[in-house]
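Residue numbers (the working numbering), protein chains in the order written: chain A, 216 to 334; chain B, 12 to 123.
C-beta: ideal position from N, C-alpha, C; glycine also.
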């Protein structure tokens, strides 16, 4: 158990709909990352938050957005869903707030993922 | 484009044999990490090697890093069926904007 909790584990929704994925990081971790993994695209970094603020942005579509709340949990919002958005979405966390994260490239801890199927 | 590229893409060996996977990258790194992913599960960190280290061991795992060749290898000795998984390398370098850069992974199958 990595200590990172993601909900829901599975989600089936129709095209055009909007869903929200939720993530609770490991206790004390300030950084939250979101990744998308599909069969043809591999593991794609979407976005990172650090202590409530956006830190880095990857290949995140404009239809997708995320936020990190004061209690450090994070949500990934996916809207106007398309068939191609079907994938496994991972949340990961890292860092203990010591500032070392910036220079050391800490290990990150992954949740079990949320399987999204768009039909 | 991805920083790390694993080789081979897939590897199938008999239980008890050693498995070697390679990772190449393009620019200077601070560290390189290896992760394992069982099918449909989250990735699990295996080992981190810093740019000033050449070799690191953890149980049956041995990781080497050759910064002159910009490559790393992961050796799993005496493989077991439970080692069947995908293995990813991820690199961290100073100008990567605080993110790990991931390779496409090697799918390892251990045959009983």
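Asked: Test: residue 44 of chain B CB closer than 8 Å to a CB of chain A; Found: yes
Asked: Uninterrupted alpha helix (DSSP H) stretches inside the stretch 98-123 of chain B (no shorter than 4 residues); Found: none
Asked: Length at least 3, wholly inside the stretch 236-294 of chain A: the beta strand (DSSP E) runs in chain order; Found: 246-253, 257-265, 268-272, 279-283, 289-293
Asked: Length of the line joining the Cα atoms of residue 52 of chain B and residue 116 of chain B; Found: 14 Å
Asked: Residue 42 of chain B vs residue 59 of chain B beta-carbon contact at 8 Å; Found: yes
Asked: Unbroken beta strand (DSSP E) run spanning residue 220 of chain A, endpoints; Found: 220-222
Asked: Three-pair Cβ contact test at 8 Å for the stretch 232-243 of chain A versus the stretch 292-301 of chain A; Found: yes
Asked: Helix, strand or coil at residue 298 of chain A [DSSP, three-state]; Found: helix
Asked: Contact list for residue 56 of chain B against chain A, beta-carbon separation under 8 Å; Found: 322, 323, 324
Asked: Contact with chain B by residue 314 of chain A, beta-carbon distance below 8 Å; Found: Low confidence applies to residue 314 of chain A: its pLDDT is 42, below 50, so where it sits in the model is not reliable enough to give any reading.
Asked: Neighbour list for residue 52 of chain B in chain A, Cβ cutoff strictly below 8 Å; Found: 327, 328
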